[in-house]
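Numbering (the working numbering), first residue to last: 1199 to 1389.
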């Protein structure tokens, strides 16, 4: 009789993604967004000239930045908690998701652009969004935590990057989306 496999730590199951459009594109396309529907690009600045080089339309912006202190307040979660969550697709980053903030940011980007892009029928993303449509942000996190196909795609994208994986992760991803053409929303995934 074989021994049960050793439990995998959240950091091993969900290692950090490299901040690279190529890595994010590979992940997004492998999960079920057709290549001609959407793609990630670098944004080199926020001035008019730099933004003029970004292909349009922009459906979301994923931002990688130094990880904030654990006690930093998060106003976006307060916004989501006061009524916006019914119209936003949001997943809470729970501890067992390890360094999945890059994948969560991608899910926030695609999940909130769902009406703008087509997904491949029965793809990983199509099934994920259909399965989690009526769930709370926490329930979606628990569902994602157990989604082996999503974890495998995440790991393949990690291995496609050029950066060596570090045990110490000091960066965090967030996704900004436009809401109803009026508001810019930070879909932060902080624990």
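Cβ coordinates follow ideal geometry from the N, Cα and C atoms, glycine included.
Values in this document were obtained by computation on a predicted structure and should not be read as measured data.
Bounds of the alpha helix (DSSP H) holding residue 1356 are 1346 to 1358. Taking a cut-off of 8 Å for Cβ pairs, the stretch 1337 to 1350 and the stretch 1251 to 1258 do not touch, as fewer than three such pairs fall below it. Residue 1239 sits in coil when the DSSP states are folded into three classes, being neither helix nor strand. In the DSSP assignment, the residues bridged to residue 1259 are 1374. According to DSSP, residue 1382 shares a beta bridge with 1376. When 1221, 1229, 1220, 1225 are compared, the shortest CA-CA separation from residue 1322 is found for 1229. Within the DSSP bridge table, the entry for residue 1368 names no partner.
Excluding five sequence positions before and after residue 1211, the CB atoms of its chain that fall closer than 7 Å to its own CB belong to 1296, 1349, given in chain order.
DSSP places residue 1253 outside both helix and strand once states are collapsed to three, so it counts as coil. Looking at the backbone, the Cα of residue 1317 and that of residue 1372 are separated by about 22 Å.
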